[in-house]
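Residue numbers (this note's numbering), protein chains in the order written: chain P, 77 to 301; chain B, 77 to 301. Where is the CB? At the ideal position from N, CA and C, for every residue including glycine. Notes follow the structure.
2 protein chains.
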Amino acid sequence: MGLTPEDIERLDSIIKRGRPYHRGDHLYRGGDKFHSLRVITSGSVKTYSPNEDGGEQVLGFHLPGELIGLDAIQDDNHTCSAIALETTAVCEIPFSQLESLSSIMPSLQHQMYRLLSREIGQDTEMLTLLGKKSAEERLATFLLSFSERFKQRGFSASDFFLSMSRHEIGNYLGLAVETVSRLFTRFQDENLLHVERKHVQLLDIPRLYDIVQGADRAKSSQSRI
Amino acid sequence: MGLTPEDIERLDSIIKRGRPYHRGDHLYRGGDKFHSLRVITSGSVKTYSPNEDGGEQVLGFHLPGELIGLDAIQDDNHTCSAIALETTAVCEIPFSQLESLSSIMPSLQHQMYRLLSREIGQDTEMLTLLGKKSAEERLATFLLSFSERFKQRGFSASDFFLSMSRHEIGNYLGLAVETVSRLFTRFQDENLLHVERKHVQLLDIPRLYDIVQGADRAKSSQSRI
DNA sequence: AAAATAACTTGATCCGGATCAAGAACTTCT
DNA sequence: AGAAGTTCTTGATCCGGATCAAGTTATTTT
Chain P
77 MGLTPEDIER LDSIIKRGRP YHRGDHLYRG GDKFHSLRVI TSGSVKTYSP NEDGGEQVLG
137 FHLPGELIGL DAIQDDNHTC SAIALETTAV CEIPFSQLES LSSIMPSLQH QMYRLLSREI
197 GQDTEMLTLL GKKSAEERLA TFLLSFSERF KQRGFSASDF FLSMSRHEIG NYLGLAVETV
257 SRLFTRFQDE NLLHVERKHV QLLDIPRLYD IVQGADRAKS SQSRI
Chain B
77 MGLTPEDIER LDSIIKRGRP YHRGDHLYRG GDKFHSLRVI TSGSVKTYSP NEDGGEQVLG
137 FHLPGELIGL DAIQDDNHTC SAIALETTAV CEIPFSQLES LSSIMPSLQH QMYRLLSREI
197 GQDTEMLTLL GKKSAEERLA TFLLSFSERF KQRGFSASDF FLSMSRHEIG NYLGLAVETV
257 SRLFTRFQDE NLLHVERKHV QLLDIPRLYD IVQGADRAKS SQSRI
């Protein structure tokens, strides 16, 4: 990440390895006092925030290597909750120490600014997804996001397990469970993928990218001729 | 913002007052080299990003006192565009200088982290809006957001001008122009507000808050008895 | 292994909001 | 001031995806 080995070492000295969490355990809850950022080292995590009328909004699914808790810096309290989707290990980075360290390590400070900014960028992409895209485009985007992130981590880009339920996927994408289920079936019928419960195999990644770009409407009207 | 007067002075020394922009002028465009954050001092600004299929997604409307450009830190390029909605004045804060300054001013660094984190928090609120809320709830949320922001700046919380078009409001809220127009009419019919083109007068702010919380469904079914 | 529960799928129906269409009000240009 | 182009409003229709309703397949409990 643009840090020297000795930078890394200093950073490493403040990192605490937390105990592992089991499926359903909370890493933190909305309202909890904020003290640490967390990096997921194995497993996966869902972040969500309760919305006024009792339900919840899933904010994200997080894989190993990803940092969570950035939203809590603003007022020393967690604004959302984080829950383990499977057995999950995390490292904790006490924020006050990270802040002090970044004061004397410009490269770390720079990296922190970039990280926070990237998070903002990712959120705005999600705004476009929820504001303008069809159900099909949403699920394709979702699947390719996982594909890319698994690939980046050295796993298969086309064969992976989703640790969250259909319900959680729907909530995240602003869709009903039934719609998500139907879309998986449809994508499978169209030979875009093979799905069996949580196990997904992407069979035609290029066409999934076409769908993301809405190329789909034009294309399907062609094939209907 | 938690800075001492002398901190402010040092910060002030790097701030550049830019020339004023007229309606329709771009402050920056997606892809432009990023060099400065900007604080709006008067007028208003729309930020938006082009989405793959030609259209655009409005990301936000920004009023005096607000900071824009935080999303661009991540890779030295602007990821979205910013355009003046009316005659607008801004201050530019060269980011590299701000970064250096924050290295030697822990309080400034702290403030920057909070600011970036707050932006993330705001984006996630917007995700809930777009993911789960009805058209009514969206417009009520939108109006109350402006009400609060104007109030905070010493202007009327119930009587203000919106500088953006119905089309832009719709785009921002994930709604069609026609829906926005109809909702304004409906809200007026229900004596929630008075609207005449861009001039809005909120007549029943408490009920607008009820609508935001979806209290509306229950209530309207009562009144139908 | 059977029973209970939870997660998922599939079908039928419904509805909120999009889209299409046209007119009205406002702005800008000449 | 008149013409032309915008922006906004209002009405009619349509459709994507929500909701309702069952049935099916996993998972957990006993």
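| field | Option nearest residue 256 of chain B by Cα separation, candidates B/171, B/148, B/189 and B/219 | value | B/219
Going by the CB atoms, is the gap between residue 134 of chain B and residue 244 of chain B shorter than 9 Å?
yes
Chain-ordered chain P contacts of residue 127 of chain B [CB-CB under 7 Å]: 204 and 208
Exercise for review: Go through its chain and collect everything with a Cβ distance to residue 246 of chain P's Cβ below 7 Å, but skip five positions before and after it.
Suggested key: Only 252, 253, 255 and 256 meet the Cβ criterion.
- Task: Identify each residue in the region 189-201 of chain P for which the Cβ-Cβ distance to at least one residue of chain B is less than 7 Å, and report them in chain order.
- Result: 189, 190, 192, 193, 194, 195, 196, 197, 199 and 200
Next on the checklist: Any beta carbon from chain P within less than 9 Å of residue 288 of chain B's own beta carbon?
Outcome noted: yes
- Where the region 136-157 of chain P meets chain B: residues whose CB sits under 8 Å from a CB there: Taking 8 Å as the upper bound on Cβ-Cβ separation, chain B lies near residues 146, 147, 148, 149, 150, 151, 155 and 156 of the region 136-157 of chain P.
Check: Tell me which same chain residues have a C-beta within less than 6 Å of the C-beta of residue 108 of chain P, skipping the five on either side of it?
Finding: 154
- prompt: In terms of residues, what are the limits of the alpha helix (DSSP H) holding residue 88 of chain P?
  reply: Taken as a continuous stretch (DSSP letters only), the alpha helix (DSSP H) holding residue 88 of chain P covers 81-90.
Margin query: Using 8 Å for Cβ pairs, my map puts residue 119 of chain P next to residue 80 of chain P. What's the rounded Cβ distance?
Written below: Contact doesn't hold; Cβ gap of about 30 Å is too wide.
Practice prompt. Please state whether DSSP places residue 143 of chain P in a helix, a strand or coil.
Written response: strand
Per-residue DSSP class, three states only, for residue 214 of chain B:
helix
Distance cutoff 9 Å, beta carbons only. Does residue 98 of chain P sit that close to anything in chain B? Taking 9 Å as the CB threshold, residue 98 of chain P stays off the interface with chain B.
**Q.** DSSP three-state assignment for residue 208 of chain P, whether helix, strand or coil
**A.** helix
- Query: Relative to the ligand SAH, is the shortest distance from any of its heavy atoms to the C-beta of residue 257 of chain P smaller than 8 Å?
  - Reply: The ligand SAH is not among the ligands present in this structure, which contains no ligands whatsoever.
Requested in this report: Output yes or no for whether 9 Å exceeds the beta carbon distance between residue 158 of chain P and residue 204 of chain P.
Outcome: no
For this session: Ignore the nearest five residues each way along the sequence and tell me which others in residue 83 of chain B's own chain have a CB closer than 8 Å to its CB.
Result: 181, 183 and 184
Check: Counting only beta-carbon atoms, is residue 178 of chain P nearer than 9 Å to chain B?
Finding: yes
With distances taken Cα to Cα, identify the nearest neighbour of residue 285 of chain B among B/195, B/275 and B/268. Among B/195, B/275 and B/268, the Cα nearest to that of residue 285 of chain B belongs to B/268.
- Could you give the residue range of the alpha helix (DSSP H) that holds residue 255 of chain P? Looking at the DSSP string, the run of the alpha helix (DSSP H) that includes residue 255 of chain P is 253-265.
| field | residue 162 of chain B versus residue 98 of chain B - alpha carbon distance | value | 6 Å
Exercise. Could you give the distance in angstroms between the alpha-carbon of residue 110 of chain B and the alpha-carbon of residue 271 of chain P?
Worked result: 43 Å
Using the Cα positions of residue 126 of chain P and residue 89 of chain B, report the straight-line distance between them to the nearest angstrom. A direct Cα-Cα distance of roughly 43 Å separates residue 126 of chain P from residue 89 of chain B.
- Using a cut-off of 9 Å between C-beta atoms, extract the partners of residue 175 of chain P located in chain B. 182, 185, 186 and 189
* **Helix, strand or coil at residue 136 of chain P according to DSSP, with G and I counted as helix** => strand
*Cα-Cα separation between residue 208 of chain P and residue 100 of chain P, rounded to whole angstroms*: Rounded to the nearest angstrom, the two C-alpha atoms are 32 Å apart.
### Query
Closest Cβ-Cβ distance between residue 131 of chain B and chain P: below 9 Å?
Yes, contact with chain P.
Self-check item: Interface flag, residue 295 of chain B vs chain P, CB-CB below 9 Å
Solution: Unreliable positioning characterises residue 295 of chain B in this predicted model, as indicated by a pLDDT of 45, which lies under 50. A coordinate reading is not provided.
> For residue 91 of chain P versus residue 116 of chain P, is the C-beta distance shorter than 9 Å?
Replying inline: Residue 116 of chain P is positioned such that its CB atom lies no closer than 9 Å to that of residue 91 of chain P.
So is residue 248 of chain B in contact with chain P if we call contact Cβ pairs under 9 Å?
-> yes
- Query: Sorted by chain position, which residues of the same chain lie with C-beta nearer than 7 Å to residue 260 of chain P's C-beta, five sequence neighbours on each side aside?
  - Reply: 271
On the CB-based measure, 16 or more other CB atoms within 10 Å of its CB, does residue 223 of chain B come out buried or exposed? buried
task: Please work out which residues of its chain come closer than 6 Å, Cβ to Cβ, to residue 225 of chain P, disregarding the five sequence neighbours upstream and downstream, and give them in chain order.
output: Correct list, in chain order: 139.
* **Pick from P/178, P/170, P/275 and P/216 that is closest to residue 240 of chain P, judged by C-alpha positions** => P/275
Ordered along the chain, which non-local residues of its own chain (more than five positions away) have a Cβ less than 8 Å from that of residue 85 of chain P?
none
### Query
Using DSSP with H/G/I as helix, E/B as strand and the rest coil, what is residue 101 of chain B?
Coil.
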